[in-house]
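Peer 1:
Numbering (this note's numbering), first residue to last: 7 to 181.
1. Tell me whether residue 129 is buried or exposed, calling it buried when 16 or more other Cβ atoms sit within 10 Å of its Cβ.
2. Using the C-alpha atoms, what's the distance from residue 66 back to residue 110?
3. Can you tell me which of 85, 87, 50 puts its alpha carbon nearest to the alpha carbon of residue 70?
4. Please list, in chain order, all residues of the same chain as residue 189 whose beta carbon is under 8 Å from its beta carbon, the five residues on each side excluded.
5. DSSP on residue 91, reduced to helix/strand/coil?
6. State the DSSP-derived secondary structure class of residue 176, mapped to helix, strand or coil.
7. Does residue 64 come out as helix, strand or coil in the three-state DSSP assignment?
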C-alpha cells in the first residue's frame, strides 16, 4: 500500500533528532483493531498521527479520536511508534547529507561512529587547542550531537523537560 507522508511542523533537523520536532502524518494507512490498555475496549481505526504522547486515529465512521498513547495496549503503542518511525524514516533518510564534513545523525554519516576527517593534529599544543567559541545554556544530560547545514543539534534537560537545542557551527549562537 502506498502511503502519503506529510509533516505538520517544519522539518528542521535530520536524523534521529527530527522526531523531536515533527509530527508524522500517515494517510491511507490500513484500518486495524486497536485495544486499550485494559483490553476491555477496542475500536477499528486507521493511524493518523503520533505527536509526542498523543495519538490520533480515524475510525471507520470517519471521526477522529485523539488520546494519550499510554491508554493503548503495550502492543498497540509499539505498533503506533513503529508506524510513526517508518513514516519519519521514509522522509528523513533521503535528506540526510552524506558529506564528509557533516555528522548528520547518531554515530555520524555512516552510523558507524567513525570520523573520516584528515589533517588532524597528532599532538595537542601546550595548553590544548585554541578555543574558537563556547556555547552555554544547552541544558544538562549526555546526548550526542548531529552536525549538518551549519547547525549543531543536541538535546538537553531543562528542569523536567528535555528539549532539542541547535546552535550555529560558525559562532555557537542558539538557533
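Virtual Cβ for every residue (Gly too), placed ideally from N, Cα, C.
Peer 2: This is what the structure holds:
1. Translated into the one-based positions of the chain shown, residue 129 becomes position 123. Result: exposed.
2. On the chain shown, position 104 is the one that residue 110 refers to. On the chain shown, position 60 is the one that residue 66 refers to. Rounded to the nearest angstrom, the two C-alpha atoms are 40 Å apart.
3. As a working mapping, residue 70 is identified with position 64 in the chain shown. Looking at the Cα atoms, 50 is the closest of the given residues.
4. Nothing about residue 189 can be reported from this structure: the residues present for the chain run from 7 to 181 only.
5. Numbered from 1 along the chain shown, position 85 holds the residue referred to as residue 91. Helix.
6. Here residue 176 refers to the residue found at position 170 when the chain shown is read from its first residue. Residue 176 falls in the coil class under three-state DSSP.
7. Numbered from 1 along the chain shown, position 58 holds the residue referred to as residue 64. Note: residue 64 maps to strand in three-state DSSP.
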